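Novice:
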Amino acid sequence: MSVVVLGQGGDSPFLTIPFFLSAVSAGFPSPAQDYVEKTLNLNELLIQHPSATYFVRAEGDSMQGAGIFSGDVLVVDRSLQARNGDIVIASIDGDLTVKKLELSSVCRLLPCNPDYSPIVISTEEALELFGVVTNVIHSFR
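Rendered as structure tokens:
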């Protein structure tokens, strides 16, 4: 799965969107409540470090098992130290990809689709991490 850089977070205009107090049941329906708790700022919800955040669009199907589908927008934070198990944006010899980071006796980038093989990072390859994926924006339409 490759990535296409969309832009960088930062000072975005404040957009107020209603945020309802009652949760929506994913099981049995519950009675709806007609009042709003507060407004929801998506920048506050999705971006912890605005000056270190950027967005990329995922392309391909290697990360479907992680809930990342082709066309999804990924929120990426460059300020976070990547840890074992994080989904990261990585460059291997200049090629960008999004994969799950495995730090064990061997460093590997793992796809989340059994149709793809892990990428083992050898000492000869140049691996550069471009940030940790913190959120996925997935459209149903």
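Sequential numbering of the sequence shown, starting at 57, is according to the working numbering.
Backbone N, C-alpha and C define an ideal beta-carbon position, used for all residues, glycine too.
Nothing here was measured: the structure is a model prediction, and the numbers come from that model.
1. Using only the alpha-carbon positions, how far apart do residue 163 and residue 108 sit?
2. If you compare alpha carbons, which of 189, 196, 105 and 157 is closest to residue 131?
3. Would you call residue 111 buried or exposed, if buried means 16 or more other Cβ atoms sit within 10 Å of its Cβ?
4. Using a Cβ-Cβ cutoff of less than 8 Å, which residues in the same chain neighbour residue 146 once the five nearest sequence positions on both sides are dropped?
5. Roughly how many angstroms lie between the CA atoms of residue 103 and residue 134, to the nearest whole one?
6. Within 10 angstroms of its Cβ, does residue 176 collect 16 or more other Cβ (buried), or is it exposed?
7. If I follow the unbroken beta strand (DSSP E) through residue 130, where does it start and stop?
Specialist: With the structure as the only source:
1. 25 Å
2. 189
3. buried
4. 152, 153, 154, 155, 157, 165, 183, 184, 185 and 186
5. 11 Å
6. exposed
7. 129-133
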